[in-house]
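In terms of the working numbering, the sequence shown is residues 38 to 443. The beta-carbon is built from N, C-alpha and C at its ideal position, and this holds for glycine as well. One structure is given here, and the rest of the page talks about it.
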Amino acid sequence: MKVSYDWLSSMVEVPEDPSELATEFIRTGTEVEAIETVGESFDHIVTAKVLSKEPHPDSDHMWVTKVDVGACNVDADGNPEPLQIVCGAQNFNEGDHIVTAMIGAELPGDIKIKKSKLRGVVSMGMNCSARELGLSSDHAGIMILPQDAPVGMPFSQYHGTSDTVLDCEITPNRADCLSMIGIAREVGAIYDRDFHVELPAIKAEVGRATADEVTVELADENLCSRYVARIVRNVKVGPSPEWLVERLNACGIRPHNNIVDITNYVMMLTGQPLHAFDLSTFAERDGKRSVVVRAAHEGETFRTLDDVERTLAEGMALITDGERPVALAGVMGGMDSEIEDDTVDVLVESACFNAGRTSHTSRDLSLISDASIRFERQVDETGCVDVANVTCALIEELAGGEVAPG
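Here it is, written out as C-alpha cells:
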C-alpha cells in the first residue's frame, strides 16, 4: 500500500518528518519498506522550447525538431547544441514550450529513453505527452506549457509534483489499512488524534430509475454476498483533473480516463474495489439489461482488460450480461465492456465477492490486481451502497454525468 503523505495530511495531523511516522508504523506492526519521493521519477526530464520543426525526409507524419533544453543541450556527438528529436505529434509549433525526456530518463511503464534512429534520423530524446509522463490520460499530442515557462528546468521542480510516499506492507489481518481512510484512522489511533474526510454527495438523481433499466441476479450466492449497481448517464469521458492524477500517481496507479480514475481513486480512498462498465455493451432484452453473477464453466474463455484471453476453471466467479462474461469477478474487467472515449452511459459496480474464491482465481490465473488483493482480505459489504454513491457523485462532478435514481 503506497501512502501519499500529502493526501494523508489532508485527513489527519501527521509529523512533519515522514520517517517519524514510519517508525511509529513499524512499532505498531505495519512494516514500511521504503520512503520515496514521487518527483524523483522525473529525473532527466526538463522543460524545453521548440526552436525548429521540419518534415521528416522519410515520413509523411513525423517531424525533425531542434529543442532547446538549456544547460543540457548536446548533440549526437556530445557537442553543445540543441537536441535533435524526432516527433510524431501534430499539435505543436516552433516557439512552443514543451516537456522533453532526455537520454537516461525513465517514463512510466518502464520506458527508457535512449539515443535512437527513427527512419534513419537520429533522435536524442522524446517530446512528451501528459500521458507519457503519467500525468493524465490525454494523449492527443505533446504537453504544451505556457509561453513564460522557463527553459531547461527540471520538470519535477517546474510542476511541483513532489510528494513523499510511504510504501507500507499491510499484513493479511489488517485489511482496514488497505485504504487512505484506514491509514488515517491508524494514524489517529497512534497519536490519539481525530481524523476527518469529506466525501462528495450526489447532487441530483434524474431520469429513469436504475431498477427499471437493470436487473441483478446472484446465480450463486457463495460467490457474491452483495452486489450494488448504479447507472450514470451522459458522461463525458476525458482526462482527469490534475489533483486526481497526482493522488493516483502517488499510489502507484497510472491514470486512464476520468471514469476509470474515479473508481481507482475511490478504491484507494475507501478500500472498496469498484468497476465501471460501458452500459451500452450489455445485451438488452425487453428494454432491460441484466447483471448475472455466476460460476464459470470448465474451459470457458474470457479476454481480460490486459488483452489476454484466459481459460477459466469451473467455479471461478464471472460477471455476465446474461449472455456473455463482462468481468472476472473481484479480479479484472473485460475488454469488450471497458470505458472508451465514446462511452455515454456507465454502470457502476460496488460488490462484495467471496474472499477465498477470489484468492484462488487470481492465483490460479497468475493475475493479481489491486481489487483482488482487497477482496481476498474481505471488504465490508455494508459499505457497498455508500461507496457506490461516492463514486457516482464524483462522476457527476468530474464527468458531467446524470445519476439515475436508486
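Can you tell me where the beta strand (DSSP E) with Q121 in it begins and where it stops? Residue numbering aside, residue 121 sits at position 84 when the sequence shown is read from its first letter. It spans L120 to C124 - the beta strand (DSSP E) in which Q121 sits, taken as one unbroken run.
Residue from V385, W44, N301 and Y264 with nearest C-alpha to V330: Within the sequence shown, the letter at position 293 stands for residue 330. Checked all of V385, W44, N301 and Y264; the closest Cα to V330 is Y264.
DSSP state of H98 mapped onto helix, strand, coil: In the sequence shown, counting from the first residue as 1, residue 98 sits at position 61. Of the three classes helix, strand and coil, the one that applies to H98 here is coil, per DSSP.
By alpha-carbon positions, which one of A126, R270 and H312 ends up nearest to A177? Reading the sequence shown from its first residue, position 140 is the one you call residue 177. Measuring from the Cα of A177, the nearest candidate turns out to be A126.
Is it right to say K149 is buried, meaning 16 or more other beta carbons lie within 10 angstroms of its own, or is it exposed? Reading the sequence shown from its first residue, position 112 is the one you call residue 149. Here K149 is exposed. Its C-beta has fewer than 16 other C-beta atoms within 10 Å.
Which class does P92 belong to by DSSP, given the choice of helix, strand or coil? Numbered from 1 along the sequence shown, position 55 holds the residue referred to as residue 92. In this structure, P92 counts as strand in the three-state DSSP scheme.
Out of R411, I181, M353 and E360, which one is the CA nearest neighbour of L402? Position 365 of the sequence shown, counted from the start, is the residue given in the question as residue 402. Here the closest residue by C-alpha is M353.
Sequence-distant residues of its chain with Cβ nearer than 7 Å to P55 (five each side left out): Walking along the sequence shown from the start, residue 55 turns up at place 18. The answer, listed in chain order, is Y42, I72, T201 and L203.
Based on Cα-Cα distance, which residue from T395, G66 and V422 lies nearest to I220? If you number the sequence shown from 1, residue 220 lands on position 183. Among T395, G66 and V422, the Cα nearest to that of I220 is on G66.
Distance check for V104 and G141, CA to CA, integer angstroms please. In the sequence shown, the residue the question calls residue 141 occupies position 104. In the sequence shown, the residue the question calls residue 104 occupies position 67. Here the C-alpha atom of G141 lies approximately 17 Å from the C-alpha atom of V104.
Under a CB-based cut-off of 9 Å, is I376 close to chain D? No chain D is part of this structure, which consists of one protein chain only.
Pick out whichever of S89, V83 and C124 has its Cα sitting closest to the Cα of E96. Stepping through the sequence shown from its first residue, residue 96 is reached at position 59. According to the sequence as given, residue 96 is Ser; it is not Glu. Nearest C-alpha to S96: C124.
Quick check: the stretch 240 to 257 against the stretch 366 to 377, are at least 3 beta-carbon pairs closer than 8 Å? No: the two stretches stay apart, fewer than three of their Cβ pairs being nearer than 8 Å.
Kindly list the residues whose CB is nearer than 7 Å to the CB of A388, restricted to its own chain and excluding five residues on each side of it in sequence; keep chain order. Residue numbering aside, residue 388 sits at position 351 when the sequence shown is read from its first letter. C261, R263, Y264, V265 and C421, listed in sequence order.
Among the candidates C165, R291 and V269, whose CA atom is the shortest distance from the CA of S277? Here the question's residue 277 lines up with position 240 in the sequence shown. When each option's Cα is compared against that of S277, the closest is R291.
Reducing DSSP to helix, strand and coil, say where V427 ends up. Start at 1 with the first residue of the sequence shown, and residue 427 comes out as number 390. DSSP places V427 in the helix class (H, G or I) of the three-state scheme.
Using CA atoms only, rank isn't needed, just tell me which of M163, D147 and G146 is closest to K154. For this step, residue 154 is matched to residue 117 along the sequence shown. Closest by alpha carbon: M163.
Are at least three pairs of beta-carbons, each pair with one atom in the stretch 304 to 324 and one in the stretch 354 to 362, less than 8 Å apart? A contact exists between the stretch 304 to 324 and the stretch 354 to 362.
Beta-carbon contacts of V253 that lie in its chain and below 7 Å, excluding the five residues immediately before and after: By one-based count along the sequence shown, residue 253 stands at place 216. Cβ neighbours of V253 beyond the five flanking positions: Y264, A266 and V328.
For the beta strand (DSSP E) that contains E418, what are its first and last residues? If you number the sequence shown from 1, residue 418 lands on position 381. That residue, E418, is in no beta strand (DSSP E); it is neither H nor E in DSSP.
Nearest to M38 (by Cα), restricted to the options L120, N286 and V243: Against the sequence shown, residue 38 aligns to sequence position 1. Of the candidates L120, N286 and V243, the one whose C-alpha sits nearest the C-alpha of M38 is N286.
Indicate the three-state DSSP secondary structure (helix, strand or coil) for N295 in the structure shown. Position 258 of the sequence shown holds residue 295. In the structure shown, N295 sits in a helix (DSSP, three-state: H, G or I).
Inter-residue spacing [alpha-carbon to alpha-carbon] between S406 and S399: Here residue 406 corresponds to residue number 369 of the sequence shown, with the count starting at 1. Here residue 399 corresponds to residue number 362 of the sequence shown, with the count starting at 1. Approximately 8 Å, taken between the alpha carbons.
A441 vs G244 beta-carbon contact at 9 Å: Stepping through the sequence shown from its first residue, residue 441 is reached at position 404. Stepping through the sequence shown from its first residue, residue 244 is reached at position 207. Yes, they are a contact pair.
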